[in-house]
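>
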Amino acid sequence: MRPRCASRDRFDWRGGSIGSCLRAATAHLGERGVANARLDAEVLLAHVLSVDRFRLCLDSARPLADRLLERFAGLVDRRSKREPLQKILGRQEFFSREFSVDASVLVPRPETEILVEEAVRLAASIESPRIVDVGAGSGAVAITLALELPQARVVATELSPAAIAVGRANAARLAVADRVEFRRGDLLAPYAGQRFDLVVSNPPYVPSADIESLEPEVRDHEPRLALDGGIDGHDLHRRLASAVTEALEPQGAAVVEIGYGQQPTVAEIFGRAGFVVCAVRRDLAGIERVLTLRRGGLRSG
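Under the working numbering, the first residue of the sequence shown is numbered 775, with each subsequent residue one higher.
(1) Please state the DSSP three-state secondary structure of PRO1024.
(2) Determine the closest residue to LEU962 out of ARG998, ARG845, ILE905, with distance taken between C-alpha atoms.
(3) Secondary structure at PRO837, three-state DSSP: helix, strand or coil?
(4) Check whether the Cβ atoms of GLN1031 and VAL881 sit closer than 8 Å, and answer yes or no.
(5) Quick check: does the Cβ of LEU1022 come within less than 7 Å of any heavy atom belonging to the ligand HEM?
(6) Check whether the Cβ atoms of ASP876 and VAL940 sit closer than 8 Å, and answer yes or no.
(7) Use the C-beta contact count for ALA966: other C-beta atoms within 10 angstroms, 16 or more gives buried, fewer gives exposed.
(8) Considering only their Cβ atoms, is the gap separating ARG1068 from VAL1050 smaller than 8 Å?
(9) Pull up the DSSP beta-bridge partners for ILE905, would you.
(10) May I have a chain-ordered list of the beta strand (DSSP E) segments no shorter than 3 residues that lie completely inside the region 1034 to 1066?
(11) How many angstroms separate the CA atom of PHE828 from the CA atom of THR1066?
(12) To the nearest angstrom, how far is the alpha carbon of ASP907 from that of ASP960?
(13) Rounded to whole angstroms, how far is the Cβ of LEU1022 from the Cβ of VAL973, which I believe are closer than 8 Å?
(14) Return yes when the Cβ of ASP814 is within less than 8 Å of the Cβ of ARG853, no when it is not.
(15) Return the CA-CA distance between VAL894 and LEU923, expressed in angstroms with no decimal places.
(16) Is there contact here, the region 866 to 876 with the region 831 to 841, by at least three beta-carbon pairs under 8 Å?
(17) Taking C-alpha atoms, which residue in ASN976, PRO1024, LEU988 lies nearest to HIS1008?
(18) Taking only runs that begin and end inside the region 846 to 916, name each unbroken alpha helix (DSSP H) of 4 or more residues, in chain order.
(19) From ILE792 to ASN944, what distance separates their C-alpha atoms?
(20) Going by DSSP in three states, SER824 sits in which element: helix, strand or coil?
(21) With 16 other CB atoms within 10 Å as the buried threshold, where does LEU889 fall?
(22) In the DSSP assignment, the beta strand (DSSP E) including GLU955 goes from what residue to what residue?
(23) Helix or strand or just coil, what does DSSP make of GLU934?
(24) Measure the CB-CB distance between GLY913 and THR931 and report whether it falls below 8 Å.
(25) Measuring alpha carbon to alpha carbon, tell me which residue in ALA926, LEU933, ALA920 is nearest GLY911.
(26) Do ALA811 and GLY804 have their C-beta atoms closer together than 8 Å?
(27) Between SER878 and ALA916, which are expected to be in contact by the criterion C-beta below 8 Å, what is the C-beta distance as a whole number of angstroms?
Written as structure tokens, this is what we have:
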């Protein structure tokens, strides 16, 4: 019996080969509006079988045991409800390393790699840089900075206890638990009185009213705490600008991720706190994505 889409709500997994299961799953996911339906189906089946996607092509005629098909069907059903593929698999690649993710953390985006690249560039000329990641989530940024900058001392703050647990687990798995410290608290409050060479942050910057228009994968499955930037999307930028003023060394810099079209407003917000934009990094779509800010009169090296 060939697998089929029994209904829009349930993928019928009974019987079939690798090839026929992939075709049925692709059709089912496509009907539910999943982009890259074939790719996602292949990734999910490869995960179930613990093989790479190339092996699926070689073994397309191979019949699958019901227990494997049932597990595959369960994952396809989750993806058809627009749960992100990364949350289903429990992992996401960032800076060529694998990080665990779950419902408590934002899936690390490729755009945020630009934030890390800029921080690494700035820290490279500092003998023992002190870096704080504000709003660490999965810990991808803080951990990557520790791995890319062995001479650095990296600390991180996060409001969510569940996210901190994910960050600490990632740090342990990537062997930097002794070099990345996570503390729970608002913005830089957990390190009040301490000063840093770099403050890095990917704060929530989506205007509250825009959240409902986001893709279901983001709107329904990413933590609202990591998305909602308030009425105009700049609540955290304003609070961060104030906090950074007290936390940076005189020659230090803040590296901040922003959303589409936000550069002028974020520059103005930080400008009122005495900072100037000294570098702007764009993502692959040409969007101004990362700002480097220093106290007025200073420029990046």
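Don't be surprised by glycine CBs; every beta carbon is placed ideally from N, CA and C.
From the atom records:
(1) By one-based count along the sequence shown, residue 1024 stands at place 250. Three-state result, PRO1024: strand.
(2) In the sequence shown, counting from the first residue as 1, residue 962 sits at position 188. Among ARG998, ARG845, ILE905, the Cα nearest to that of LEU962 is on ILE905.
(3) Counting from one through the sequence shown, the residue named residue 837 turns up at place 63. It is a strand residue.
(4) Numbered from its first residue, the sequence shown carries residue 1031 at position 257. Numbered from its first residue, the sequence shown carries residue 881 at position 107. Residue identity check: residue 1031 is Glu in the sequence provided, not Gln. Against a cut-off of 8 Å, the Cβ pair of VAL881 and GLU1031 comes out as no contact.
(5) Questions concerning the ligand HEM fall outside what the structure shown contains, since it holds no ligand whatsoever.
(6) Along the sequence shown, read from residue 1 onward, the residue named residue 876 stands at position 102. Along the sequence shown, read from residue 1 onward, the residue named residue 940 stands at position 166. Going by C-beta atoms, ASP876 is nearer than 8 Å to VAL940.
(7) Along the sequence shown, read from residue 1 onward, the residue named residue 966 stands at position 192. With fewer than 16 other Cβ atoms within 10 Å, it is exposed.
(8) Along the sequence shown, one-based indexing puts residue 1050 at 276. Along the sequence shown, one-based indexing puts residue 1068 at 294. Taking 8 Å as the Cβ cut-off, VAL1050 and ARG1068 qualify as a contacting pair.
(9) For the purposes of this step, residue 905 is taken as the residue at position 131 of the sequence shown. In the DSSP output, where bridge partners are listed per residue, ILE905 has VAL928, LEU972.
(10) 1049 to 1056
(11) Residue 828 sits at position 54 when you count from the first residue of the sequence shown. Residue 1066 sits at position 292 when you count from the first residue of the sequence shown. If I take the Cα positions, the gap works out to 42 Å.
(12) For the purposes of this step, residue 907 is taken as residue 133 along the sequence shown, with counting starting at 1. For the purposes of this step, residue 960 is taken as residue 186 along the sequence shown, with counting starting at 1. When only Cα atoms are considered, ASP907 and ASP960 end up about 12 Å apart.
(13) Counted from its first residue, the sequence shown places residue 1022 at position 248. Counted from its first residue, the sequence shown places residue 973 at position 199. Contact between LEU1022 and VAL973 holds: CB atoms are separated by about 6 Å, below the 8 Å threshold.
(14) The residue you call residue 853 lines up with position 79 of the sequence shown. The residue you call residue 814 lines up with position 40 of the sequence shown. Yes, these two residues count as a Cβ contact at 8 Å.
(15) Against the sequence shown, residue 894 aligns to sequence position 120. Against the sequence shown, residue 923 aligns to sequence position 149. In this structure, the alpha-carbon of VAL894 lies about 7 Å from that of LEU923.
(16) The region 866 to 876 vs the region 831 to 841: no contact.
(17) Translated into positions along the sequence shown, residue 1008 becomes position 234. When only C-alpha atoms are compared, the closest one is ASN976.
(18) 859 to 863, 884 to 897
(19) Numbered from its first residue, the sequence shown carries residue 792 at position 18. Numbered from its first residue, the sequence shown carries residue 944 at position 170. Cα to Cα, ILE792 sits roughly 33 Å from ASN944.
(20) By 1-based counting over the sequence shown, the position of residue 824 is 50. Residue state, collapsed to three classes: coil.
(21) By 1-based counting over the sequence shown, the position of residue 889 is 115. LEU889 is buried by the Cβ-count criterion.
(22) Here residue 955 refers to the residue found at position 181 when the sequence shown is read from its first residue. Counting along the chain, the beta strand (DSSP E) containing GLU955 begins and ends at 954 to 958.
(23) For the purposes of this step, residue 934 is identified with residue 160 of the sequence shown, where counting begins at 1. Sequence inspection shows Ser at residue 934; the Glu mentioned does not correspond to that position. DSSP places SER934 in coil when its eight states are reduced to three.
(24) Mapped onto the sequence shown, residue 913 falls at position 139. Mapped onto the sequence shown, residue 931 falls at position 157. Contact: no.
(25) Counting from one through the sequence shown, the residue named residue 911 turns up at place 137. The residue with the shortest Cα to Cα distance from GLY911 is LEU933.
(26) The residue given as residue 811 occupies position 37 in the sequence shown. The residue given as residue 804 occupies position 30 in the sequence shown. Yes. Within cutoff.
(27) Translated into positions along the sequence shown, residue 878 becomes position 104. Translated into positions along the sequence shown, residue 916 becomes position 142. Actually they do not touch by this definition, with Cβ atoms about 16 Å apart.
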